[in-house]
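Q:
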Amino acid sequence: MKFGTVNPKISILAIAVFGIFTILLLVTYYFTRNWQILAWGIPTLVLLLIIPLGLNYMSQSQYADLTPVYEREARPVRIKLINPGMIGDAVRIEGVVERVYFQFLNRPQYLVADRSGEISVKMFTSPPEKIQKGDVVEVLGLVMKRYIMGGDPTINCVSIRKIDKVVERKKREEKKS
Numbered sequence: 029m030k031f032g033t034v035n036p037k038i039s040i041l042a043i044a045v046f047g048i049f050t051i052l053l054l055v056t057y058y059f060t061r062n063w064q065i066l067a068w069g070i071p072t073l074v075l076l077l078i079i080p081l082g083l084n085y086m087s088q089s090q091y092a093d094l095t096p097v098y099e100r101e102a103r104p105v106r107i108k109l110i111n112p113g114m115i116g117d118a119v120r121i122e123g124v125v126e127r128v129y130f131q132f133l134n135r136p137q138y139l140v141a142d143r144s145g146e147i148s149v150k151m152f153t154s155p156p157e158k159i160q161k162g163d164v165v166e167v168l169g170l171v172m173k174r175y176i177m178g179g180d181p182t183i184n185c186v187s188i189r190k191i192d193k194v195v196e197r198k199k200r201e202e203k204k205s
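Residue 29 in the working numbering sits at position 1 of the sequence shown; the count goes up by one each step and never skips.
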């Protein structure tokens, strides 16, 4: 389902909750034969799907609006150079995805590495395209602390997209010429 440029997704967890409550509703109705349970239960089941879908849509549309801002303001940086002094800075990194966590929850985290090091990249909504281990990606985001009071720097990702390094080099060479 696509709304404009945004393609909201429902997490597997929300679908599982919907399924469990559907079974509970049907079993309860079967044993009680009380139609009021269906009158309240069916709209509640619909909301169990609409609310996560709406939240994901709002998150993705907000991130889509922020992407052009980060494309202008983010400066390219090597992963090794990211340090606690850069917290709050918009950065652009390129690297290879080494691990993917929590993609099934629509809150993916990636471990992205370049030749200088690796860093955790957290995204608080699902990306427009599926990113897997081994993909070469460009990440736009904000440097933040891993934990509230401390920890290693991580990147709060606004945009992550697959890139083809050969094509990107040719574009840069054409711009220089």
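Think of the CB as a built atom: it goes at the ideal place given N, C-alpha and C, for glycine as much as any other residue.
(1) For my contact list, Phe152 and Arg127 are in at a C-beta cut-off of 8 Å; report their separation, rounded to the angstrom.
(2) Tell me where the alpha helix (DSSP H) around Arg100 begins and ends.
(3) Could you give the residue range of the beta strand (DSSP E) that holds Tyr138?
(4) Measure how close the beta-carbons of Pro181 and Ile110 come, nearest whole angstrom, since I'm counting them as under 8 Å.
(5) Could you spell out the range, first to last residue, of the beta strand (DSSP E) harbouring Leu168?
(6) Would you mind reading off the limits of the alpha helix (DSSP H) that contains Thr60?
(7) Assuming Val34 and Gln88 are in contact, meaning their beta carbons sit under 8 Å apart, how far apart are those beta carbons, in whole angstroms?
A: In this structure, then:
(1) The Cβ separation is near 18 Å, so there is no contact.
(2) Trp63 to Glu101
(3) Gln137 to Asp142
(4) 5 Å
(5) For Leu168, the enclosing beta strand (DSSP E) has its first and last residue at Val164 to Lys173.
(6) Ile40 to Thr60
(7) 5 Å
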